[in-house]
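Number of protein chains: 2
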Amino acid sequence: MPSALQLNTQQLEYLVAIDETDTWAEAAGRLGVTPSALSQGLAELERRVGLGLFEQRGRGRALTANGHQVLDYAKRITATTADLGLWAESVRQGERGQVRLGLIDVAAVHHFAQPLRRFHRSRPDVELLLTVAPSGALLDDLLAGRLDAAVMVEPPPDSRAGPDAVAERVTTATVLAEDLAVYAPPDTPKAVISGPPSGWGPWVGFPAASHTRQLVARALRQLGADYRVRAESNQPDVLRQLVMLGMGWTVLPVIQAETEPAPLPRARAQPLLSRRLVMARRVGSPPDPATESLLDLIRRSAHIGG
Amino acid sequence: MPSALQLNTQQLEYLVAIDETDTWAEAAGRLGVTPSALSQGLAELERRVGLGLFEQRGRGRALTANGHQVLDYAKRITATTADLGLWAESVRQGERGQVRLGLIDVAAVHHFAQPLRRFHRSRPDVELLLTVAPSGALLDDLLAGRLDAAVMVEPPPDSRAGPDAVAERVTTATVLAEDLAVYAPPDTPKAVISGPPSGWGPWVGFPAASHTRQLVARALRQLGADYRVRAESNQPDVLRQLVMLGMGWTVLPVIQAETEPAPLPRARAQPLLSRRLVMARRVGSPPDPATESLLDLIRRSAHIGG
DNA sequence: ATCTAAATTAAGTGATGCTTAACTATATAG
DNA sequence: CTATATAGTTAAGCATCACTTAATTTAGAT
Numbered sequence: 022m023p024s025a026l027q028l029n030t031q032q033l034e035y036l037v038a039i040d041e042t043d044t045w046a047e048a049a050g051r052l053g054v055t056p057s058a059l060s061q062g063l064a065e066l067e068r069r070v071g072l073g074l075f076e077q078r079g080r081g082r083a084l085t086a087n088g089h090q091v092l093d094y095a096k097r098i099t100a101t102t103a104d105l106g107l108w109a110e111s112v113r114q115g116e117r118g119q120v121r122l123g124l125i126d127v128a129a130v131h132h133f134a135q136p137l138r139r140f141h142r143s144r145p146d147v148e149l150l151l152t153v154a155p156s157g158a159l160l161d162d163l164l165a166g167r168l169d170a171a172v173m174v175e176p177p178p179d180s181r182a183g184p185d186a187v188a189e190r191v192t193t194a195t196v197l198a199e200d201l202a203v204y205a206p207p208d209t210p211k212a213v214i215s216g217p218p219s220g221w222g223p224w225v226g227f228p229a230a231s232h233t234r235q236l237v238a239r240a241l242r243q244l245g246a247d248y249r250v251r252a253e254s255n256q257p258d259v260l261r262q263l264v265m266l267g268m269g270w271t272v273l274p275v276i277q278a279e280t281e282p283a284p285l286p287r288a289r290a291q292p293l294l295s296r297r298l299v300m301a302r303r304v305g306s307p308p309d310p311a312t313e314s315l316l317d318l319i320r321r322s323a324h325i326g327g
Numbered sequence: 022m023p024s025a026l027q028l029n030t031q032q033l034e035y036l037v038a039i040d041e042t043d044t045w046a047e048a049a050g051r052l053g054v055t056p057s058a059l060s061q062g063l064a065e066l067e068r069r070v071g072l073g074l075f076e077q078r079g080r081g082r083a084l085t086a087n088g089h090q091v092l093d094y095a096k097r098i099t100a101t102t103a104d105l106g107l108w109a110e111s112v113r114q115g116e117r118g119q120v121r122l123g124l125i126d127v128a129a130v131h132h133f134a135q136p137l138r139r140f141h142r143s144r145p146d147v148e149l150l151l152t153v154a155p156s157g158a159l160l161d162d163l164l165a166g167r168l169d170a171a172v173m174v175e176p177p178p179d180s181r182a183g184p185d186a187v188a189e190r191v192t193t194a195t196v197l198a199e200d201l202a203v204y205a206p207p208d209t210p211k212a213v214i215s216g217p218p219s220g221w222g223p224w225v226g227f228p229a230a231s232h233t234r235q236l237v238a239r240a241l242r243q244l245g246a247d248y249r250v251r252a253e254s255n256q257p258d259v260l261r262q263l264v265m266l267g268m269g270w271t272v273l274p275v276i277q278a279e280t281e282p283a284p285l286p287r288a289r290a291q292p293l294l295s296r297r298l299v300m301a302r303r304v305g306s307p308p309d310p311a312t313e314s315l316l317d318l319i320r321r322s323a324h325i326g327g
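In structure tokens:
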């Protein structure tokens, strides 16, 4: 590799500047350097290009034909560099860029719809790519680098240990806690509801891999309930329907179970458990201004709303 | 001026290289630097752009979304720089460029037609701009920077002294000397021709400003001739015609007076004087490979032909 | 756990790019 | 034609940059 030609943006700026001013001293002033720096910089450029670019002209110097050719290249390069500089500045300000955010449904629809809308409105040049999926899928996407951040149910303790552990590769910060309650079909006898949990069921719920399903299973079994799931769905609306149809009992986030139309009535006023939604990020991913500011909005909205 | 963004081509090359290889070490090898240099260079680039461009990925590092954006800019800039490098190389080799050469008619038509043709054929990418004009006009163009070099009659001693003198602003090197002879109309009596120069004439010749005219005037007056010019032209062919028509005597370069068709017969075998053709160049103009090689051809042809 | 590959950090060095100050060259004024 | 101002260069000194080698950290593979 014949080490192509090592140039410095600064010297190309010099060349462009002297073409736009009458004297080199003036150009130096405009660039905020001394005439000496300009002179030396241009001499260095000339040396690197290996061609005479200037010649004496009156008491100043003027570009040769070759000098004008190099000037052409210099203009193109400095224009691109300036573009890059402006782009970088706007990204640093968080005014531009890309944010790939994953959310579980309840976060996207109920908890954080407002900050997402607000962010999109206030930073129209930020490309906001939303993925709504169950926590497990979000975690996979995050680990694979397909997401920059994800709002999900707090991951269960990892079976793997050491550096492979999810905890080593992801940082989580709780953004809010929400209650889940037990919901029974409408025609369930009062005696059963107020009776011991061992009499509850049968159940419908999230698929076995679901983080929330695991939390629910643990909570119900601690109460002595026989938690066997007869029907599964990732969609809370579907579970709600199943309950209404008398297919079984379920445990759902209050906010998803009790919204119009047709809110489910709680079996018991007391919530069964509380689950934590966390903001998860990949360790080793550099901070990105746009992402930071979106996450800030989300966190703030959780504090106010929760 | 917020000092836009000072970049170094080298670091952009690094960025492009790591995108084209699997590991940074491999990229470093391809660039002929150590992995350490690459790592530090990219860290510096990241610092200057002010954005995270890389993130941990397995046991290597991968570009972030912002990194890919910067890569895009880097590719454009390095491509332009490579272009510039190739262009400069070909100009250094004299294979490309521009040569603005001035010549007096006899130089273009008789003395140096062959090297000019040869140069044009061997370096088709060099833009050869020829100006054929009297020596005085060539000298003006040269001084004004409209020509890179000129083949002309040796300029007469300058009236101006000091730094304004032409000799201070132009360098000349003799390329050849050529004879000028006296030509009389065909019907001139032998006795007049062999008689004293005071009996010669009337005369036709180059315009008063012509360098050659001044040389001729001096030579004839030294011989005692009455050199008053009845008709003027810059074109030797015209002067030749005037002589044939009996309008008067003239002094011309032998090579222009005695060529077919219709060569003029000399009044006397002995040439009247010898004039020097010089290669003139502006002082302070940097050397240009294409120009140098053309002038070389011209000088060599003069030595062989002369 | 141990080994190996990938990349970073540390320390040292030469090249680069800047500043101030002294200098050369050129034009303009008296 | 000397005097003076202007344009740019050269010299000296200094801080930063970009590399090298060597040691270290990190993460995948055995």
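Going down the list, the protein sequences come from chains S and A.
Just so we're aligned: 270 in the working numbering is position 249 of the first sequence, and the numbers increase by one with no gaps anywhere.
Just so we're aligned: 24 in the working numbering is position 3 of the second sequence, and the numbers increase by one with no gaps anywhere.
Here a beta-carbon is modelled for each residue, glycine too, at the ideal position from N, C-alpha and C.
Checklist line | Test: residue 133/A CB closer than 9 Å to a CB of chain S | finding: Position 112 of the second sequence, counting from 1, holds the residue named residue 133/A. Judged by the 9 Å Cβ criterion, residue 133/A is not in contact with chain S.
Check: residue 9/S lies in the alpha helix (DSSP H); which residues open and close that run?
Finding: Shown here, chain S extends from 22 to 327; a query on residue 9/S therefore has no answer.
Notebook entry, point to check: For residue 201/A versus residue 275/A, is the C-beta spacing smaller than 9 Å?
Noted result: What you label residue 201/A is simply residue 180 of the second sequence in a count that begins at 1. What you label residue 275/A is simply residue 254 of the second sequence in a count that begins at 1. Yes, they are a contact pair.
Item checked: Stretch-stretch touch, CB-based, cutoff 8 Å, three pairs: the stretch 94–106 of chain A with the stretch 91–104 of chain S -> yes
Notebook entry, point to check: Do you know offhand how far residue 41/S's Cα is from residue 26/A's?
Noted result: Position 20 of the first sequence, counted from the start, is the residue given in the question as residue 41/S. Position 5 of the second sequence, counted from the start, is the residue given in the question as residue 26/A. Computed Cα separation, rounded: 20 Å.
Checklist line | Per DSSP, cross-strand counterpart(s) of residue 236/A | finding: Start at 1 with the first residue of the second sequence, and residue 236/A comes out as number 215. According to DSSP, which records beta bridges pairwise, residue 236/A is partnered with nothing at all.
Next item on the list: Quick one: give me the first and last residue of the beta strand (DSSP E) that residue 191/A is part of.
Entry: Mapped onto the second sequence, residue 191/A falls at position 170. Unbroken beta strand (DSSP E) run through residue 191/A: 191–204.
Check: I think residue 1/S touches residue 54/S, with their Cβ atoms under 8 Å apart; what is that distance to the nearest whole Å?
Finding: This structure does not reach residue 1/S, given that chain S is present from 22 up to 327, and the question cannot be answered.
Item checked: Inter-residue spacing [alpha-carbon to alpha-carbon] between residue 153/S and residue 51/A -> If you number the first sequence from 1, residue 153/S lands on position 132. If you number the second sequence from 1, residue 51/A lands on position 30. Taking the straight line joining both Cα atoms gives about 43 Å.
Margin query: Assuming contact is defined by CB atoms lying nearer than 9 Å, are residue 150/S and residue 121/S in contact in what I supplied?
Written below: By 1-based counting over the first sequence, the position of residue 150/S is 129. By 1-based counting over the first sequence, the position of residue 121/S is 100. Yes, they are a contact pair.
Next item on the list: Give me the Cα-Cα distance between residue 98/S and residue 158/A, rounded to the nearest whole angstrom.
Entry: For the purposes of this step, residue 98/S is identified with residue 77 of the first sequence, where counting begins at 1. For the purposes of this step, residue 158/A is identified with residue 137 of the second sequence, where counting begins at 1. Using only the alpha carbons, I get a separation of about 39 Å.
Notebook entry, point to check: Does any residue of chain A bring its CB to less than 9 Å from the CB of residue 90/S?
Noted result: Taking the first residue of the first sequence as 1, we reach residue 90/S at position 69. Judged by the 9 Å Cβ criterion, residue 90/S is in contact with chain A.
Item checked: Chain-ordered chain S contacts of residue 309/A [CB-CB under 9 Å] -> For the purposes of this step, residue 309/A is taken as the residue at position 288 of the second sequence. Result: 72, 73, 85, 86 and 87.
Check: So is residue 259/S buried or exposed if we call it buried at 16+ other beta carbons inside 10 Å?
Finding: Residue numbering aside, residue 259/S sits at position 238 when the first sequence is read from its first letter. Under this definition residue 259/S is an exposed residue.
Notebook entry, point to check: For residue 124/A, which residues of its own chain have a beta-carbon under 6 Å away from its beta-carbon, when the five flanking residues on both sides are left out?
Noted result: As a working mapping, residue 124/A is identified with position 103 in the second sequence. Once the five neighbours on either side are set aside, the close Cβ partners of residue 124/A are 153 and 172.
Check: If you run the structure through DSSP and keep just helix, strand and coil, what is residue 88/S?
Finding: In the first sequence, residue 88/S corresponds to position 67, counting from 1. It is helical.
Item checked: Inter-residue spacing [alpha-carbon to alpha-carbon] between residue 313/A and residue 118/A -> On the second sequence, residue 313/A is found 292 positions in, with the first residue counted as 1. On the second sequence, residue 118/A is found 97 positions in, with the first residue counted as 1. C-alpha separation (whole angstroms): 11 Å.
Next item on the list: Could you check which residue in 110/A, 268/A and 156/A has the C-alpha nearest to that of residue 73/S?
Entry: As a position in the first sequence, residue 73/S is number 52, starting the count at 1. Measuring from the Cα of residue 73/S, the nearest candidate turns out to be 110/A.
Checklist line | Within chain A, partners of residue 114/S - CB distance below 8 Å | finding: Within the first sequence, numbered from 1, the residue matching residue 114/S stands at position 93. None at all; the shortest Cβ gap to chain A is about 10 Å.
Notebook entry, point to check: Checking contacts by CB at 9 Å: is residue 318/A closer than that to chain S?
Noted result: Here residue 318/A is taken as the residue at index 297 of the second sequence, counted from 1. No - not a single Cβ of chain S is within 9 Å of the one on residue 318/A.
Margin query: Counting only Cβ pairs nearer than 7 Å, list the residues of chain S close to residue 255/A.
Written below: Walking along the second sequence from the start, residue 255/A turns up at place 234. Neighbours of residue 255/A on chain S: none; closest Cβ ~29 Å, over 7 Å.
Checklist line | CB contact flag (residue 234/S, residue 245/S, <9 Å) | finding: Within the first sequence, residue 234/S is the residue found at index 213, counting from 1. Within the first sequence, residue 245/S is the residue found at index 224, counting from 1. Contact flag unset, no.
Next item on the list: Would you check if the distance between the CB atom of residue 222/S and the CB atom of residue 248/S is smaller than 9 Å?
Entry: As a position in the first sequence, residue 222/S is number 201, starting the count at 1. As a position in the first sequence, residue 248/S is number 227, starting the count at 1. Cβ distance < 9 Å, so residue 222/S and residue 248/S count as in contact.
Next item on the list: Say whether chain A places a C-beta atom closer than 9 Å to the C-beta of residue 106/S.
Entry: Counting from 1 along the first sequence, the entry for residue 106/S is found at position 85. Yes - at least one Cβ of chain A is within 9 Å of the one on residue 106/S.
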